[in-house]
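Student:
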Amino acid sequence: MLIGFLLNRKITFRYCGNNAGALRRYVASYGFGYIINFAGLWLLVEKAGIAHEIVQGGMTVGLPIMLFVIQKYWVFPAAPAHCPSHARLAP
Numbered sequence: 003m004l005i006g007f008l009l010n011r012k013i014t015f016r017y018c019g020n021n022a023g024a025l026r027r028y029v030a031s032y033g034f035g036y037i038i039n040f041a042g043l044w045l046l047v048e049k050a051g052i053a054h055e056i057v058q059g060g061m062t063v064g065l066p067i068m069l070f071v072i073q074k075y076w077v078f079p080a081a082p083a084h085c086p087s088h089a090r091l092a093p
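For reference, each letter of the sequence shown is one residue, going 3 to 93 in my numbering.
1) Quick check on Val77: buried or exposed, where buried means 16 or more other Cβ atoms within 10 Å of its Cβ?
2) Can you check whether the CB of Leu65 is closer than 7 Å to the CB of Gly35?
3) Going by the CB atoms, is the gap between Ile52 and Leu45 shorter than 7 Å?
4) Return the CA-CA distance between Thr14 and Asn39, expressed in angstroms with no decimal places.
5) In the DSSP assignment, the alpha helix (DSSP H) including Gly42 goes from what residue to what residue?
Dropping the structure here:
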């Protein structure tokens, strides 16, 4: 999980804000993802009787999309224009 955080912070989102706060939000977002996954499995497999392969297949597609959006807008929000990483990217 730490390597994922470091790579997402540096490469995917080029975040230059508070690292401790971002790490807490990153761990919380993955905890939320696990809760959604387990709740979805329990509700759709145990209560609704849908085959677990279908449910987990849907979760495998949906959760990464959800986590990307959460990370883009909450974990690693857009940096101010004076962020050094943005200055290097300017033409």
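Backbone N, C-alpha and C define an ideal beta-carbon position, used for all residues, glycine too.
Tutor: Well, looking at it:
1) buried
2) yes
3) no
4) 24 Å
5) In the DSSP assignment, Gly42 falls within the alpha helix (DSSP H) that extends over 21-43.
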